[in-house]
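Novice: One rule links them: number in my numbering = place in the sequence shown (from 1) + 1.
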Amino acid sequence: MKFNKYISEFLGTAFLFCAVVGSGIMGQSLTNDESIILFVNAVVTFFALYFLISSFESYSNHFNPVVSLAFFLNKEISFKTFVLFTILQIVGAIIGVLIANIMFDVELFHFSNKNRSGFNIYLSEIIATFGLVFFILISSKDKIALIVASYIGAAYWFTSSTSFANLAGTIGRMFSDSFAGISPENVFSFCLAQIIGSIIAFIVYKFFFKD
């Protein structure tokens with residue numbers, strides 16, 4: 002068994018959500034203007050996604066259980082690999098968030114109070130995740146990094162949920178009471194919306210775009 006692909010999923014997800022949460026905390030420390038914080042958060046996420054997906058391209062670079070789910074449904078990875086990826090991605094996201102908390106000297110374990118509830122927000126997560134997974138499935142591998150980074154960077158702004166679109170990241174971000182956090186009460190609904198979005202994306206891809 003090659004372990005590098007599993008380590009890649011863990012490390013990549015950890016670095017990604019360290020960047021997402023860390024940039025949110027940094028933004029909050031510099032300004033109270035949420036539009037500026039969101040802009041900074043989106044830009045940092047764009048670059049983090051681009052360099053992480055590019056760097057781990059030769060190993061494994063899903064960093065997201067709903068992306069791995071689509072690859073499993075498309076028979077590109079086994080069920081065992083899907084489960085292991087999901088576990089490592091969730092653990093990686095949590096550790097990445099905790100490292101960000103430590104670096105910015107905020108409370109290590111502190112559940113977020115950031116409420117992200119409402120039908121419109123959950124619908125946003127379905128749409129955001131659908132787009133992410135769909136564009137990954139139809140794109141050539143050499144363009145995935147730029148496509149994913151660009152899509153998520155844009156979706157931060159065109160969705161009311163600010164496009165979490167990542168089950169592991171959603172779970173991890175509940176441990177940060179910061180701009181990028183999410184209340185634990187909203188986590189299940191976000192994760193369910195993301196799974197729905199991923200499955201719909203795969204169905205559309207399978208019936209209309211797959212050769």
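All C-beta atoms, glycine included, are put in the ideal place defined by N, C-alpha and C. As the structure is a computational prediction, the values presented were derived from the model and not from experiment.
(1) Buried or exposed for G173, going by 16 or more other Cβ atoms inside 10 Å?
(2) With distances taken from CA atoms, which of N33, N187, L147 is nearest L53?
(3) Could you name each continuous alpha helix (DSSP H) segment of 4 residues or more that falls completely within the region 76 to 159, going from the start of the chain to the end?
(4) Consult DSSP for Y60 and reduce its assignment to one of helix, strand or coil.
(5) Quick one: what does DSSP say N5 is sitting in, helix, strand or coil?
(6) Given I197, which residues of its chain have a CB within under 7 Å of its CB, disregarding the five upstream and five downstream residues?
(7) Taking 8 Å as the threshold (C-beta atoms), are S184 and K76 in contact?
(8) Sort S113, A166, A43, I200 by Cα distance to W158 and report the nearest one.
(9) Spatial neighbours of I96 within its chain, please: CB distance less than 6 Å, with the 5 preceding and 5 following residues excluded, ordered by chain position.
(10) Which class does M175 belong to by DSSP, given the choice of helix, strand or coil?
(11) For A71, which of helix, strand or coil comes out of DSSP?
(12) Sort F105, F83, A71 by Cα distance to I26 and report the nearest one.
(13) Our contact map puts L235 next to V149 with C-beta atoms below 8 Å; I'd like the distance itself, whole angstroms only.
(14) Using alpha carbons as the reference points, say which of T171, L168, F131 lies closest to Y152.
(15) Measure the C-alpha to C-alpha separation of T32 and V41 and round it to an integer number of angstroms.
(16) For N187, name the three-state secondary structure that DSSP assigns.
(17) Find out if the Cβ-Cβ distance for the pair A94, G23 is shorter than 8 Å.
Specialist: A quick look at the data gives this:
(1) Against the sequence shown, residue 173 aligns to sequence position 172. With 16 or more Cβ atoms within 10 Å of its Cβ, G173 is classed as buried.
(2) Sequence index remark: in the sequence shown, residue 53 carries index 52 (1-based). Nearest option by C-alpha distance: L147.
(3) 80 to 104, 120 to 139, 145 to 159
(4) Against the sequence shown, residue 60 aligns to sequence position 59. In this structure, Y60 counts as coil in the three-state DSSP scheme.
(5) Locating residue 5 in the sequence shown gives position 4, counting from the first residue. Note: N5 maps to helix in three-state DSSP.
(6) Translated into the one-based positions of the sequence shown, residue 197 becomes position 196. Correct list, in chain order: I127.
(7) Within the sequence shown, numbered from 1, the residue matching residue 76 stands at position 75. Within the sequence shown, numbered from 1, the residue matching residue 184 stands at position 183. Not a contact, by the Cβ cut-off of 8 Å.
(8) One-based indexing of the sequence shown puts residue 158 at position 157. Of the listed residues, the one whose Cα sits closest to W158 is A43.
(9) Stepping through the sequence shown from its first residue, residue 96 is reached at position 95. Hits under 6 Å: A15.
(10) By 1-based counting over the sequence shown, the position of residue 175 is 174. Note: M175 maps to coil in three-state DSSP.
(11) Residue numbering aside, residue 71 sits at position 70 when the sequence shown is read from its first letter. Residue state, collapsed to three classes: helix.
(12) One-based indexing of the sequence shown puts residue 26 at position 25. Per the Cα distances, F105.
(13) The structure shown does not extend to residue 235, since the chain is modelled only from 2 to 212, so the question has no answer here.
(14) Residue mapping note: residue 152 aligns to position 151 of the sequence shown, counting from 1. Measuring from the Cα of Y152, the nearest candidate turns out to be F131.
(15) Locating residue 32 in the sequence shown gives position 31, where the first residue counts as 1. Locating residue 41 in the sequence shown gives position 40, where the first residue counts as 1. Cα to Cα, the separation comes out at about 11 Å.
(16) In the sequence shown, counting from the first residue as 1, residue 187 sits at position 186. In the structure shown, N187 sits in a helix (DSSP, three-state: H, G or I).
(17) Counting from 1 along the sequence shown, the entry for residue 94 is found at position 93. Counting from 1 along the sequence shown, the entry for residue 23 is found at position 22. The answer is no: Cβ separation not under 8 Å.
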